[in-house]
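Chemist: Numbering (this note's numbering), first residue to last: 4 to 476. Note that CB positions come from ideal geometry on N, CA and C, so glycine has one too. One structure is given below, represented as structure tokens, and several questions about it will come after.
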Ligand code: GLU
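Here's what the structure looks like:
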């Protein structure tokens, strides 16, 4: 049978990194086996599911470029189907209506707890006589879990797991209002969608034996299971908002590339030797569910930052550009009329870990700045800088060619003529034309700023110096 995996999020919030990693592993397993990947929205919890959360999940999946072959399916659209199977199970005597009141169940629970027993349904309604069944009365439907024997499955991550049926009770599969419950809908969907491998968080591992029993009752093929350990924060506690961003889209907002996030997530719980960087094609080629780590992994933002920078440095500009554009727009910067961004990215990626930082460092080449950065201005835009700035401006404005070579010559000639060191020309000039104290080599900086902008900014710097001198007198 060909491989078919699924990602089945409940839309109760954003797509968090744990979910995204589960989605990635399922997606990779499908791709690695020429299989299919299904997206299913488990929205039966009407109180907690929201359309915004569905959108957020879809946005996250699209941003990560985790495409699906089927879906998104919505469980709320499949209620008729669930009802059909519930009726079938009741007819076959594999499920039954239960009329036990909340009070009875509460009392039962208390009694069991007092006797130090595991709280479980005692099966009172399992064998009701026909005349005692009045379906007009409030009732739930329970699945008849086998009383004897045990359930064994081989989890690809955790190994073989056996649970005795005596540990499991008769699970409610339909509530009083007729709505189906999670453990039931998952099975019907995995069966109908012909899922062959279920990869999900290990918070679901206790559900698996119950689900397997339902598969058996339906005579349906049981998928393979892989339960992935949770992600911890860098303090060893369960990853939560306290640790910073946990929503995938927050990573976009913070300036990460989806390629870097995917690379980061794939390594968070899986490894291939000591290789750290994996293109998507390599992930597909090398990923193997059997190599998923048994132990939980801890989130490490520094490593994500490092990876992001590696991708900024090495990805073709065409792959970075769409993501950079998003940040440029947010920052109100247009590339139009400015230097070729393809030249700037490799240069600035040396110093930027995120797209947000990259945008800030390229800002002076595409848009005007209001003020010189205070610290840089205080240090470099002083009275002594006046003469070099005036002279270099003169030489720059006389240039007919705005090439790195010509620019370097103009700066060197200024330093020579005034018999001062290069830095005495270079630093004020750098602050003048960029507004900040840091930029690549001056010839490139000037080239990218452009002649008109450079000259007018030098004027602005001279004005700044004049004002400063006036204020001091
Ligand atoms: N809807 C469940 C969740 O979001 C996942 C169920 C499953 O993968 O089987 O936790």
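1) I need the residues with a C-beta less than 5 Å from some heavy atom of the ligand GLU; please give them in chain order.
2) Our contact map puts residue 232 next to residue 298 with C-beta atoms below 8 Å; I'd like the distance itself, whole angstroms only.
3) Look at residue 223 and residue 97 and say whether their C-beta atoms are less than 8 Å apart.
4) With a threshold of 7 Å on Cβ separation, who are the neighbours of residue 388 within its own chain once the five nearest residues in sequence on each side are excluded?
5) With the cut-off set at 8 Å, would you say residue 227 and residue 199 are in Cβ contact?
6) Where does residue 151 sit, in a helix, a strand or coil, going by DSSP?
7) Return the chain-ordered list of same chain residues with a C-beta closer than 6 Å to the C-beta of residue 201, the five sequence neighbours on each side being excluded.
8) Are the Cβ atoms of residue 439 and residue 429 separated by less than 8 Å?
9) With 16 other CB atoms within 10 Å as the buried threshold, where does residue 154 fall?
10) Could you tell me whether the stretch 166-175 touches the stretch 119-130, where touching means 3 or more Cβ pairs closer than 8 Å?
11) Tell me where the alpha helix (DSSP H) around residue 23 begins and ends.
12) Hey, residue 489 and residue 465: beta-carbon distance below 8 Å or not?
13) Going along the chain, which residues of its own chain have a beta-carbon closer than 7 Å to the beta-carbon of residue 380, five neighbours each way excluded?
14) Rounded C-beta distance between residue 31 and residue 64? I'm assuming under 8 Å.
15) Could you compute how far the alpha carbon of residue 7 sits from the alpha carbon of residue 207?
16) Cβ atoms of residue 93 and residue 60: under 8 Å apart, would you say?
17) Contact check, residue 301 vs residue 235 under 8 Å by CB: the rounded distance?
18) Would you mind reading off the limits of the alpha helix (DSSP H) that contains residue 321?
19) Give the straight-line distance between the Cα atoms of residue 85 and residue 364, rounded to the nearest whole angstrom.
20) Can you list, in chain order, the residues of its chain with a C-beta nearer than 6 Å to that of residue 267? Leave out the 5 residues immediately preceding and following it.
21) Could you tell me whether the stretch 69-78 touches the stretch 42-50, using the rule of 3 or more Cβ pairs below 8 Å?
22) Please say whether residue 148 and residue 216 have beta carbons closer to each other than 8 Å?
23) Which parts of the stretch 246-333 are runs of the alpha helix (DSSP H), unbroken and 4 residues or longer, counting only runs that do not cross its ends?
24) Any idea which residues DSSP pairs residue 163 with across the strands?
25) What are the boundary residues of the alpha helix (DSSP H) that residue 107 is part of?
26) Mind checking which residues open and close the beta strand (DSSP E) that includes residue 8?
27) State the CB to CB distance for the pair residue 257 and residue 357, rounded to an integer number of angstroms; the pair is presumed to be in contact (CB under 8 Å).
28) What does the Cβ neighbour count give for residue 319, buried or exposed, with the cut at 16 atoms within 10 Å?
29) Inspect the beta-carbon positions of residue 336 and residue 369 and report whether they are closer than 8 Å.
30) If contacts are defined as beta-carbon pairs under 8 Å, then residue 38 and residue 13 qualify, I think. What distance do you get, rounded to the angstrom?
31) If you drop the 5 nearest sequence neighbours on each side, which residues of the same chain put their C-beta closer than 6 Å to that of residue 454?
32) According to DSSP, is residue 62 helix, strand or coil?
33) What are the boundary residues of the beta strand (DSSP E) that includes residue 387?
34) Distance, Cα to Cα, residue 181 vs residue 262?
Modeler: Working from what's here:
1) 11, 12, 13, 45, 189, 203
2) 6 Å
3) no
4) 431, 468
5) yes
6) coil
7) 226, 228
8) no
9) buried
10) yes
11) 20-35
12) In the structure as shown, the chain begins at 4 and stops at 476. Residue 489 is therefore absent and cannot be evaluated.
13) 434, 467
14) That belief does not hold up - the Cβ atoms of residue 31 and residue 64 are roughly 14 Å apart, past 8 Å.
15) 19 Å
16) no
17) 4 Å
18) 320-333
19) 56 Å
20) 307, 310
21) yes
22) yes
23) 251-256, 261-270, 283-289, 304-317, 320-333
24) 157
25) 105-117
26) 7-10
27) 6 Å
28) exposed
29) yes
30) 24 Å between Cβ atoms; not a contact.
31) 405
32) helix
33) No beta strand (DSSP E) holds residue 387; DSSP gives it neither H nor E.
34) 44 Å
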